[in-house]
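First residue of the sequence shown? That's 1 in the UniProt record's numbering, and the numbers climb one at a time after it.
A virtual CB, placed ideally from N, CA and C, is assigned to each residue, including glycine.
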Amino acid sequence: MSSVGVVVTAYDQGRTVEDAVLSVLAQSHPVDEVVVVDDGSTAPESLEVLAGLPRLGGTAPVVRVLHQPNGGVSAARNTGIAASGTEVVAVLDGDDLWEPTFVEKTLALLADDSTVAASSWLSMFGVAQGVVEPTGGTVEAFLPRNAAPASALFRRAHWGEAGGYDESMRQGFEDWDFFLRLLRRDGSRVAVVPEPLLRYRTHPASANVRSMEDRLARYAQVVANHRETFTAHLESALLGLERTSITRLAAWEEIVADDPALDVGRVSFGDGGMAAAVRIASVRSQT
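In structure tokens, the structure reads:
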């Protein structure tokens with residue numbers, strides 16, 4: 001059976017990183033080591049919590065805390081994985097949590113040689129609540145959008161072959177970029193457990209919220225990093241983007257059509273907007 005290590009990244013997250021580590025230690029499939037990488041925390045409470053983390057572990061698993069100057073989550077993950085001595089590694093952000101069977105069920109998916117990483121559906125808590133159901137899949141699924149959460153389990157050797165996480169991507173999408181690196185292996189896929197085993201903390205200042213303001217620039221960097229992959233699968237990439245657009249438009253159309261008080265707003269041309277406006281008007285005229 002493969003040895004499993006977990007890398008937890010932290011930056012001034014106070015008590016939440018302790019909760020994250022406790023969720024790792026509570027796994028139904030015991031892990032062999034936990035490496036917490038402090039990415040340059042300065043807040044006194046955070047430093048106090050980090051200093052106490054090794055006491056949460058024991059002889060197995062050992063909880064180690066590594067400190068480094070602030071370099072971003074990619075650098076922190078790379079530091080932790082490089083320091084890990086296990087065959088399989090999982091990453092977890094210091095403000096998120098795992099349900100007790102996360103490692104057990106993702107590790108089972110990794111037994112398939114074609115699976116280069118495994119994660120799960122997620123449940124949001126904090127500012128926003130709800131279950132999100134990423135699909136995972138082959139490289140085609142990851143061209144129009146990211147199809148798996150950042151918290152994932154993979155073979156350490158594959159991380160090395162992929163060149164690790166891109167440390168220049170400090171504004172987001174580094175996990176998407178990393179999955180595409182892993183998926184360069186022929187016939188590979190990222191598997192997702194269809195259960196919300198990851199608890200994803202949401203708050204207004206989170207990086208994923210801020211990154212929406214410059215999403216196009218971040219996506220452009222992903223495309224530039226994987227230009228050969230996008231070129232080789234151009235049809236899948238374009239059709240995938242259109243499929244995503246259609247799905248969003250259909251969801252918006254259903255909401256607006258059912259509530260006459262909602263204004264359709266400015267109708268766009270060439271992207272299905274006009275057709276949606278006509279369908280909405282038709283539905284409203286029949287009620």
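Bounding residues of the beta strand (DSSP E) (the contiguous stretch that carries TYR200): Here the beta strand (DSSP E) through TYR200 covers 189-202.
Unbroken stretches of the alpha helix (DSSP H), 4 residues or longer, contained in the UniProt domain "Glycosyltransferase 2-like" (6-118): 16-25, 44-52, 73-83 and 102-110
At least 3 beta-carbon pairs within less than 8 Å: the stretch 44-53 vs the stretch 68-84: no
From VAL132, SER120, THR101 and VAL256, residue whose alpha carbon lies closest to that of ALA276: Nearest option by C-alpha distance: VAL256.
VAL24 to LEU97 span [Cα, whole Å]: 8 Å
C-beta atoms of LEU56 and VAL21 nearer than 8 Å: yes
Those residues which DSSP pairs with VAL127 across a bridge: Paired residues: none, contrary to the question.
Backbone secondary structure at LEU216 - three-state DSSP: helix
Neighbourhood of ASN146 by C-beta distance below 6 Å, restricted to the same chain and skipping five residues each side: TRP176
Exposure label - ARG15; buried when at least 16 CB within 10 Å: exposed
Residues that TRP159 bridges to, as DSSP identifies them: Answer by DSSP bridge pairing: none, since TRP159 is not bridged.
Among ARG199, ARG181, LEU198 and PRO194, nearest to GLU228 - alpha-carbon criterion: ARG181
PHE269, buried or exposed, once every other Cβ within 10 Å from all chains shown has been counted against 16: exposed
Euclidean distance between Cα positions of ASP258 and LEU143: 33 Å
Beta-carbon contacts of LEU262 that lie in its chain and below 8 Å, excluding the five residues immediately before and after: ILE255 and VAL256
Span separating the alpha-carbon of GLY58 from that of ALA26: 13 Å
Anticipated Cβ contact below 8 Å, LEU107 with VAL88, distance rounded: For LEU107 against VAL88, the beta-carbon gap comes to about 7 Å, under 8 Å, which counts as contact.
Closest by C-alpha distance to ASP12, when choosing among GLU33, ASP32 and GLY72: GLY72
Secondary structure of PHE230, DSSP reduced to three states: helix
CA-to-CA distance, VAL37 to VAL4, given in whole angstroms: 17 Å
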